[in-house]
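Since the structure comes first, as structure tokens, the remarks are kept for the end.
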Amino acid sequence: MPDDQIALRLRGLTKRFGAMTAVDRLDLDVPRGSFFGLVGPNGAGKTTTLSMATGLLRPDAGSAHVLGTDVWADPVAAKARIGVLPDGLRLFDRLTGLQLVTYAGLLRGMERDLVAQRVGELLAALGLTDAQDKLVIDYSAGMTKKITLACALVHAPRLLVLDEPFEAVDPVSARTIRGILEDFAANGGTVVLSSHVMDLVERICSHVAIIAGGQVRAVGTVDEVRGGMTLDDRFLDLVGGTTDVEGLAWLRTSSD
Amino acid sequence: MVAHLLRLKLHLLRNGLRRSPAALIGMVLGVLYGGGIVVGVVSGLVALRFVPDAELARALVVVGGSAMVAGWALLPVVLFGIDPTLDPARFATFAVRERTLALGLALGALVGLPGAMTVVVVLATVFTGTRTLVAAVAALLGGAFGLATCILVSRIVAGAAAAVLATRRGRDVAGIGGLLVLLSLGPLAGVVNDGGITVAGIKSLGRVLAWTPLGWAWAASGDVVAGDWGAAGIRLLLAGALCLVLFAVWERLLVAVLRNPHSTATGGSGGARHGLGLFARLPATPTGAIAARAGTYWLRDPRFNFPAIMTTLLPAGLLIPGLGGSRFALAAMPLVSAYLIGWGQHNDVGYDSTAFWLHVSSGVDGVADRVGRLFPSAVLALVCVPGYAVLGPLLGGSWALLPATLGAGVGLALSGFAVASVTSAVKQYAVPVPGESPFSSRPGSVGVTFAVQTVCGGAVVVLSLPVLVLAGLAFFGWHWAAWAALVVGPVVGVVAFVGGVRLGASLFRRRQADLLQDLVGMA
Numbered sequence: 001m002p003d004d005q006i007a008l009r010l011r012g013l014t015k016r017f018g019a020m021t022a023v024d025r026l027d028l029d030v031p032r033g034s035f036f037g038l039v040g041p042n043g044a045g046k047t048t049t050l051s052m053a054t055g056l057l058r059p060d061a062g063s064a065h066v067l068g069t070d071v072w073a074d075p076v077a078a079k080a081r082i083g084v085l086p087d088g089l090r091l092f093d094r095l096t097g098l099q100l101v102t103y104a105g106l107l108r109g110m111e112r113d114l115v116a117q118r119v120g121e122l123l124a125a126l127g128l129t130d131a132q133d134k135l136v137i138d139y140s141a142g143m144t145k146k147i148t149l150a151c152a153l154v155h156a157p158r159l160l161v162l163d164e165p166f167e168a169v170d171p172v173s174a175r176t177i178r179g180i181l182e183d184f185a186a187n188g189g190t191v192v193l194s195s196h197v198m199d200l201v202e203r204i205c206s207h208v209a210i211i212a213g214g215q216v217r218a219v220g221t222v223d224e225v226r227g228g229m230t231l232d233d234r235f236l237d238l239v240g241g242t243t244d245v246e247g248l249a250w251l252r253t254s255s256d
Numbered sequence: 001m002v003a004h005l006l007r008l009k010l011h012l013l014r015n016g017l018r019r020s021p022a023a024l025i026g027m028v029l030g031v032l033y034g035g036g037i038v039v040g041v042v043s044g045l046v047a048l049r050f051v052p053d054a055e056l057a058r059a060l061v062v063v064g065g066s067a068m069v070a071g072w073a074l075l076p077v078v079l080f081g082i083d084p085t086l087d088p089a090r091f092a093t094f095a096v097r098e099r100t101l102a103l104g105l106a107l108g109a110l111v112g113l114p115g116a117m118t119v120v121v122v123l124a125t126v127f128t129g130t131r132t133l134v135a136a137v138a139a140l141l142g143g144a145f146g147l148a149t150c151i152l153v154s155r156i157v158a159g160a161a162a163a164v165l166a167t168r169r170g171r172d173v174a175g176i177g178g179l180l181v182l183l184s185l186g187p188l189a190g191v192v193n194d195g196g197i198t199v200a201g202i203k204s205l206g207r208v209l210a211w212t213p214l215g216w217a218w219a220a221s222g223d224v225v226a227g228d229w230g231a232a233g234i235r236l237l238l239a240g241a242l243c244l245v246l247f248a249v250w251e252r253l254l255v256a257v258l259r260n261p262h263s264t265a266t267g268g269s270g271g272a273r274h275g276l277g278l279f280a281r282l283p284a285t286p287t288g289a290i291a292a293r294a295g296t297y298w299l300r301d302p303r304f305n306f307p308a309i310m311t312t313l314l315p316a317g318l319l320i321p322g323l324g325g326s327r328f329a330l331a332a333m334p335l336v337s338a339y340l341i342g343w344g345q346h347n348d349v350g351y352d353s354t355a356f357w358l359h360v361s362s363g364v365d366g367v368a369d370r371v372g373r374l375f376p377s378a379v380l381a382l383v384c385v386p387g388y389a390v391l392g393p394l395l396g397g398s399w400a401l402l403p404a405t406l407g408a409g410v411g412l413a414l415s416g417f418a419v420a421s422v423t424s425a426v427k428q429y430a431v432p433v434p435g436e437s438p439f440s441s442r443p444g445s446v447g448v449t450f451a452v453q454t455v456c457g458g459a460v461v462v463l464s465l466p467v468l469v470l471a472g473l474a475f476f477g478w479h480w481a482a483w484a485a486l487v488v489g490p491v492v493g494v495v496a497f498v499g500g501v502r503l504g505a506s507l508f509r510r511r512q513a514d515l516l517q518d519l520v521g522m523a
């Protein structure tokens, strides 16, 4: 693939935490305009990989390029093109929703009027206008994901990196988020998201990578990767692990 | 089950020490410091056994014992933070009988440094009571009651404080309560300052305290020595009854927490909030936005507004010796205020916790981050430092010193900001995470906290040394030095500030991802 068709290019990305290697010389190319799903079991290194790709975690080795810009050599230029939705990190949740998204916009150095206009549109699109004067700490899980997404979108990034955007989100909010992401990808943006839910990835993503043990096990379009099976079966096939439940007879209360 | 809970507390203590060398250093320091106090108190109590004046001995034991009970009640809340390791809410999901849990958790308070120290001191009071056999028995009973009172009171206060602080209105009340405690220290310190400690004074204080719940348990043995059997019996009965009542209260509180463990979530909308608040009033730049965010947090988050109130009021404590005629105390007020405000910024990024990712992912400029954070402190300093500087002469200090105190105050505050700009890009220590009580402490972080605070404090003083020397000269009568301080303080301060922000900004550019990982590790 030619360079200018790559939105995110990871080469030899490595991260060790003590004796444990979380991400092990990982290579990955995410094509521009794709809706890219990253799947893998717990502890596979998805969050670590995405953190290193977005400048939140310094890699021990390897490089990450966003639309040709090295994230770790020129972080300011690279970060200007990325929108991030991390998983498991706090927000400045003593601000109201309106204040938080405005804050995210102003931090990017945007004009006040432009910020105000975009924040209004984002909150309306995400169905948060009624809750804009509530503190973010009082938001539900779904609303929190949506307001974080608004923070990630306010500066009009070219690449969206979302860690578990659908976790703990109700179906209505999930549909809203999905609609916005599909619109974003259809208009030339690139979306990278990680998820546990195979069905969802299968339905909404154009490309998918299966990660296990800190390495990419399979990558390509969804059809290429699944090769005639369901993504779920293909995933278990690659990652391994038994699904048969043995023992625990005492849990089956009907045997009393 | 009770033994189980005690073992759990021991395990927690040991694992906390094993986790980091810093915790171990903190513990060693604690043992040395606490051990020194205990040795002093115990030898005093042993000596009291042989003092001919039995009534003085009794009064001292009563006053000391009462102070110990009061200390157990207040110190965890005011100074050290509430140890969350045996937080009752954590046991909500286990099927343990509530009474057993209440007993186990209360006894668990004895495991640890303060508990061990208290037990040793109580044993020493028993020795003080060995003038007669019956007195010794009364001292033993009283000591047991007193010890039980200590730990039950501390449990109840900690539990109640956590519940009260969880509501917004409660925090306001607590703020006022803290202010009252601070103000009530005034007359107390005044008495000490007047050299008002006399044998007669202690005896009468002892007599009064002996009839309060604080003193019942500690007075019985002395009553026996004095031959007042009736009073001894009544006091022991009262002390025992107090323990039963306290236990019942503690149990009720525990049951309430266990049956409704998360009633502490912030409820209600907390007043009208509308629009952008500070974000609309400060410049629409990254620096302005960070300033607005910091300012909003100072107003909304008890982890900020509580220390802010304390920082504002603490220098007023110097009014006590100041009104008593100490010119030095009056002159020192603005300096202490400036130092506290400047130095207090050194762990600001730590308070962001992992929400800091938003700054990292936005590629915020280092200077904007450093300067923006200082906004609320700078406003506070602009009000407090000149305020205290003028207050001193108004209350009898010397107007000739005003240029010196102003100059030194500006120098100290700017040096503090300079040091904070560097340290908050280098090393942050664990603080209560957002939503936690501002009084809770993070187990196992005492060593790092202590080290960072000491280094920061030292650096601030070193940077402002020139102006402090000039201010000192002015105080001792060299009038030219006052005006020199007014020039040197701001000049040196601005130089330090610009250098500190520059260095901090370049560290921030290089280290922001590592800083975020530090914060993730603490959360």
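Going down the list, the sequences are from chains A and Z. 1 is the number of the first residue of the first sequence in my numbering; add one for each residue after it. 1 is the number of the first residue of the second sequence in my numbering; add one for each residue after it. Even for Gly, the Cβ is constructed at its ideal location relative to N, Cα and C. Quantities reported herein were computed from a predicted structural model and do not represent experimental measurements.
- In the DSSP assignment, G325 (chain Z) is bridged to no other residue.
- As the crow flies, the alpha-carbon of Q132 (chain A) is around 6 Å from that of T96 (chain A).
- CA-CA distance, V448 (chain Z) to V245 (chain Z), rounds to 40 Å.
- Counting along the chain, A241 (chain Z) sits inside the alpha helix (DSSP H) bounded by residues W229 to R259.
- A226 (chain Z) and E98 (chain Z) do not touch by the CB rule: their CB atoms are close to 42 Å apart, not below 8 Å.
- None of the residues of the segment 414 to 429 of chain Z has a beta carbon lying less than 9 Å from any beta carbon of chain A.
- Counting C-beta pairs closer than 8 Å gives three or more between the segment 420 to 435 of chain Z and the segment 343 to 356 of chain Z, which meets the contact rule.
- Comparing alpha carbon positions, the residue from A:D183, A:V154 and A:V191 closest to E164 (chain A) is A:V191.
- Within the segment 272 to 299 of chain Z, contact with chain A at the beta-carbon level (separation under 8 Å) is assigned to R273, H274, G275, L276, G277, F279, A284, T285, P286, G288, A289, I290, A292, R293, T296 and Y297.
- G105, L106, L107, R108, G109, M110, E111, R112, D113, V115 and A116: these are the residues of the segment 105 to 124 of chain A whose beta carbon lies less than 9 Å from some beta carbon of chain Z, given in chain order.
- Taking a C-beta cut-off of 7 Å against chain Z, the contacting residues of the segment 42 to 65 of chain A are T54, G55, L56, L57 and R58, listed in chain order.
- According to the DSSP assignment, V136 (chain A) belongs to no beta strand (DSSP E), since it is labelled neither H nor E.
- V257 (chain Z) sits away from A400 (chain Z), with the two beta carbons spaced by 7 Å or more.
- Only residues of its own chain outside the window of five on either side were considered, and among them G115, I151, S154 and R155 have a CB closer than 7 Å to the CB of A109 (chain Z), listed in chain order.
- Within chain Z, no residue has its beta carbon less than 8 Å from that of F184 (chain A); the closest one is some 17 Å off.
- At a cut-off of 7 Å between C-beta atoms, V360 (chain Z) counts as an interface residue with respect to chain A.
- Within a 10 Å sphere around the beta-carbon of H155 (chain A) sit 16 or more other beta-carbons, which makes this residue buried.
- For chain A, none of the residues of the segment 462 to 485 of chain Z brings a beta carbon within less than 8 Å of one of its beta carbons.
- Looking at the backbone, the Cα of V30 (chain A) and that of L123 (chain A) are separated by about 29 Å.
- In the three-state reduction of the DSSP assignment, F36 (chain A) falls in the strand class.
- For P283 (chain Z), the closest C-alpha among the options A:T21, A:T102 and A:W72 is that of A:T102.
- With fewer than three CB-CB distances shorter than 8 Å, the segment 321 to 335 of chain Z does not count as touching the segment 74 to 83 of chain A.
- By the neighbour-count criterion, in which a residue is buried when 16 or more other Cβ atoms sit within 10 angstroms of its Cβ, E202 (chain A) is buried.
- Of the residues assessed, W478 (chain Z) falls on the exposed side of the cut-off, its CB having fewer than 16 other CB atoms within 10 angstroms.
- Taking C-alpha positions only, A289 (chain Z) is separated from S337 (chain Z) by approximately 27 Å.
- Our two residues, A209 (chain A) and V169 (chain A), have alpha carbons roughly 23 Å apart in a direct line.
- In the structure shown, D223 (chain Z) falls within a helical segment according to DSSP collapsed to helix, strand and coil.
- Residue contact check for D301 (chain Z) against chain A: a CB pair falls below 7 Å.
- For T287 (chain Z), same chain residues with a beta-carbon under 7 Å away, outside a window of 5 residues either side, are A368, V371 and G372 in chain order.
- Spanning the alpha carbons of S377 (chain Z) and L414 (chain Z) requires a straight line of approximately 11 Å.
- Look at the beta carbons and you see the segment 98 to 116 of chain A not touching the segment 51 to 61 of chain A: under three pairs across the two are nearer than 8 Å.
- Across the segment 494 to 517 of chain Z, CB contacts with chain A closer than 7 Å involve A513, D514, L516 and Q517, in sequence order along the chain.
- Beta bridge pairing from DSSP links P31 (chain A) with A:I6.
- F145 (chain Z) and A152 (chain A) have their C-alpha atoms spaced approximately 60 Å apart.
- As a beta-bridge residue in DSSP terms, H65 (chain A) pairs with A:R9 and A:D70.
- Distance from the Cα of G324 (chain Z) is smallest, within the candidate group Z:G396, Z:L105 and Z:T212, for Z:G396.
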